[in-house]
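*Asks:*
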């Protein structure tokens, strides 16, 4: 008995560590929008020659450059001549399209949304993503449809709609530039994920991650210059930018990626799913604490509905796991009976 306990403890410890790191990563990513808005607000109070040098564009551009550092350390072994030679022209086209969508267009639209509306509104508008993504994977990729997950996504969307509907007065909801930007960012995110799932199978993760970030950042740089003029990034190397952007890079980029990678490595899928389910509520609560945002009277009823959606999603996951376990047990039982029969008529 003591030997069995000794052998199982390390595995349980790793599972507990993985689950804890998954929660840490979810909280970090949930705080990213608030942190970006807070840093931009700091820049507005520390202007240089009348300009706010900590702009959303500068944060995105410099943060993306800094994210390359941990990626190179984590994935440099994937960049071998054999791996690169195995990639076809179609792979490079899809890699480039994915880079534009996921590392240029999507974050650019999210940052544009944050510049024109509250973090809470951006989070609420993003609740349209889960059910849309499930429908897209079912109709476009012919993947198995998960009714419980879809129902959970719809319920969470209803909770977000209720929070939006109950806003009034100064906090009343208006479908403005920021809200439209958040919707477009969500659609762009879905498109980028579909591209990655369809065309990037078999491509080493290191090549995909580094190429996507490097090319996407380049796309974003030239797109911003085209839209806003050559002086748009004139303050990108100002000491104040690099002084404060390190907070974003260390906490969100490096800390978030490190915690998420280890969480996925050691945590069970159910623990990761449960942690990510609380991301929207965590983002709203963090925006209240960090930025003083008021989600309005719909926080409690809308939050309760979102929690109900989390419960529905977890219930569906448990049912699915039990069904898989029963199917596996039935297959093993059939194989056992098959082995008991010596003569099979041949």
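Numbering (this note's numbering), first residue to last: 48 to 393. Heads up, the beta-carbon is just placed ideally off N, CA and C, and yes, glycines get one too. Keep in mind it's a predicted model, so treat the numbers as computed, not measured.
Measuring CB to CB, does residue 77 end up less than 7 Å from residue 314?
*Replies:* Contact flag unset, no.
*Asks:* Can you check DSSP and say which residues form a bridge with residue 98?
*Replies:* In the DSSP output, where bridge partners are listed per residue, residue 98 has 95.
*Asks:* Judging by CA-CA distance, which residue of 365, 290, 302 and 185 is the nearest neighbour of residue 100?
*Replies:* If we check each option's Cα against that of residue 100, 290 comes out closest.
*Asks:* Which of helix, strand or coil does DSSP assign to residue 184?
*Replies:* DSSP places residue 184 in helix when its eight states are reduced to three.
*Asks:* Buried or exposed, going by whether 16 or more other CB atoms sit within 10 Å of the CB of residue 96?
*Replies:* When all chains shown are included, residue 96 counts as exposed.
*Asks:* Specify, as a first and last residue, the run of the alpha helix (DSSP H) that residue 190 falls within.
*Replies:* Looking at the DSSP string, residue 190 is not in any alpha helix (DSSP H), and its letter there is neither H nor E.
*Asks:* Between residue 89 and residue 149, what straight-line distance do the alpha-carbon atoms span, to the nearest angstrom?
*Replies:* Rounded to whole angstroms, residue 89 to residue 149 spans 27 Å at the Cα level.
*Asks:* Please list the segments of the alpha helix (DSSP H) lying wholly inside the segment 252-339, counting only runs of 4 or more residues, in order along the chain.
*Replies:* With a minimum length of 4 residues, the continuous alpha helix (DSSP H) runs that stay inside the segment 252-339 are 252-275, 286-295, 303-313, 316-324 and 326-338.
*Asks:* Under a three-way DSSP split, which group does residue 247 fall into?
*Replies:* Correct three-state label for residue 247: coil.
*Asks:* Could you check whether residue 81 and residue 334 sit closer than 7 Å to each other, using their CB atoms as the reference points?
*Replies:* Yes.
*Asks:* What residue from 157, 251, 188 and 123 has the CA that sits closest to residue 139's CA?
*Replies:* When only C-alpha atoms are compared, the closest one is 251.
*Asks:* Could you compute how far the alpha carbon of residue 103 sits from the alpha carbon of residue 168?
*Replies:* Computed Cα separation, rounded: 17 Å.
*Asks:* Pick from 264, 350 and 311: whose alpha carbon is nearest that of residue 62?
*Replies:* Minimum Cα distance to residue 62 is reached at 311.
*Asks:* Residues in its own chain within less than 8 Å of residue 49 by CB, not counting five upstream and five downstream?
*Replies:* Legend: pLDDT at residue 49 = 43, less than 50; position of this residue unreliable, value from coordinates given subsequently. Closer than 8 Å at the Cβ level, and outside the excluded window around residue 49, lies no residue.
*Asks:* For residue 269, count the other beta carbons within 10 Å of its own beta carbon; 16 or more makes it buried, fewer makes it exposed. Which is it?
*Replies:* Counting Cβ neighbours within 10 Å, residue 269 comes out exposed, since fewer than 16 surround it.
*Asks:* Sort 126, 199, 64 and 116 by Cα distance to residue 362 and report the nearest one.
*Replies:* That would be 199, whose Cα lies nearest to the Cα of residue 362.
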